[in-house]
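A short worksheet on the structure shown next.
Numbering (the working numbering), first residue to last: 75 to 445.
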């Protein structure tokens, strides 16, 4: 915490943040209060835009609301949310497990805006008004495109439609569809471009909810995302984290270039010969920082083939036969990873001549030089 503000009876008071070391997990600050025989209740206003937004949110959502009342309101809201699905039979423990899982599936994406609709726009952080489509955050889409988002299209159609429109808004502001969005930033985490699956899923199931212009926008967003010009991120404000460093270079990766040019993603792009040439794929072209991030070739290759199929379905809705044919053809690239002769696995070697000892049907990816 760099700065904290407390509102006491409507008067803003700065709080001195104690910098003493605290032996606890992920503790960033603590407050001390004088002993009292009466319960201590604290109302907290949060905002993605600043102090003024937090004050408005506190006024609208928590003014004169006691702890017990707030707890009861939250309980009622979650009861209504979880009542979207009713189950019968089974044990009480099994029902508890089911509804706990449904609760977990309902936590995110969450609305990320003030009560007056203001929110920080994707990547630029410029304050905008959400208008008719709420601004959501915490799109962990590589984790959720397979089951959680499809579930929402069944039990919460309206919110799934909002998610699709919100993702398109993020594309228009940020310049590319996110694969793992967090608080209006691109984290660059995980594989591929799962947003196209989330968008295609609800559009195919409920085309009546979208306009022709939205189909065209979805196709444009998907096409530009999978063929993203990586040079665009050079001028972006760096987004750093302790795990992977500068996220500008992982917002999208060069996997798609290989998929488009040669029909598959090679597993050894990061191990160029001493000349620096790319190993046998594009003669005379030097390896750069983006090629060094081309890893996990089978994971990317198989998922990207599915995402290409999703884009083809969006193209079909948009009435674009050329793009439909193009992406349906690209979706067949998964076949390039399939080995029809598993007996040959014993002969597979890495770029240094070491036997891989791999088993299974898919050609392996090299996670790093030691595995």
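Glycine residues also receive a C-beta, built at the ideal position from the N, C-alpha and C atoms.
Comparing C-alpha positions only, which one of the options sits nearest to residue i?
i	options	result
residue 50	257, 407 and 110	Beyond the ends of the chain as shown, which are 75 and 445, falls residue 50; an answer cannot be given.
residue 364	306, 166 and 387	306
residue 409	339, 310 and 137	339
residue 241	276, 175 and 225	276
residue 217	255, 209 and 399	255
residue 156	164, 166 and 174	174
residue 335	403, 198 and 112	403
residue 412	399, 398 and 375	375
residue 202	145, 243 and 112	243
residue 299	114, 246 and 309	246
residue 393	290, 235, 320 and 321	290
residue 183	224, 167 and 210	210
residue 396	369, 293 and 362	293
residue 264	233, 331, 141 and 367	367
residue 204	123, 142 and 141	123
Are there 16 or more other CB atoms within 10 angstroms of the CB of residue i, so buried, or fewer, so exposed?
i	result
residue 171	exposed
residue 281	exposed
residue 215	buried
residue 77	In this prediction, residue 77 scores a pLDDT of 45, lower than 50, which makes its location untrustworthy; the coordinate-derived value is nonetheless stated afterwards. Exposed.
residue 253	buried
residue 272	buried
residue 116	exposed
residue 161	exposed
residue 228	exposed
residue 333	buried
residue 169	exposed
residue 371	buried
residue 328	buried
residue 181	exposed
residue 405	buried
residue 153	exposed
residue 113	exposed
residue 159	exposed
residue 219	buried
residue 387	buried
residue 52	Nothing can be reported for residue 52: it is not among the residues displayed for the chain, which extend from 75 to 445.
residue 358	With a pLDDT of 49 at residue 358, under the threshold of 50, the modelled position of this residue cannot be trusted, and the question is left open.
residue 443	Since pLDDT at residue 443 reaches only 38, below the 50 mark, its modelled position is unreliable, and the value read off the structure follows with that caveat. Flag for residue 443 reads exposed.
residue 236	buried
residue 382	buried
residue 164	exposed
residue 288	buried
residue 234	buried
Please list the terminal residues of the continuous alpha helix (DSSP H) segment that includes residue i.
i	result
residue 240	231-248
residue 173	166-180
residue 115	Run containing residue 115: none; DSSP gives neither H nor E here.
residue 163	First-last for residue 163: undefined, no H or E at that position.
residue 282	Unbroken run through residue 282: none, as it is neither H nor E.
residue 376	371-392
residue 323	No alpha helix (DSSP H) holds residue 323; DSSP gives it neither H nor E.
residue 156	141-156
residue 132	125-135
residue 399	395-404
residue 335	329-336
Does the distance from the CB of residue i to the CB of residue j come in under 8 Å?
i	j	result
residue 121	residue 196	no
residue 262	residue 377	no
residue 186	residue 193	yes
residue 302	residue 250	yes
residue 179	residue 148	no
residue 212	residue 131	no
residue 380	residue 389	no
residue 385	residue 278	no
residue 207	residue 239	yes
residue 119	residue 108	no
residue 321	residue 398	no
Quick one: does the C-beta of residue i sit closer than 7 Å to a heavy atom of the ligand NAD?
i	result
residue 301	Of the ligands one can find in the structure shown there are none, so the ligand NAD has no counterpart to examine.
Which whole runs of the alpha helix (DSSP H) in the stretch 174-221 are 4 residues long or more, in chain order?
215-218
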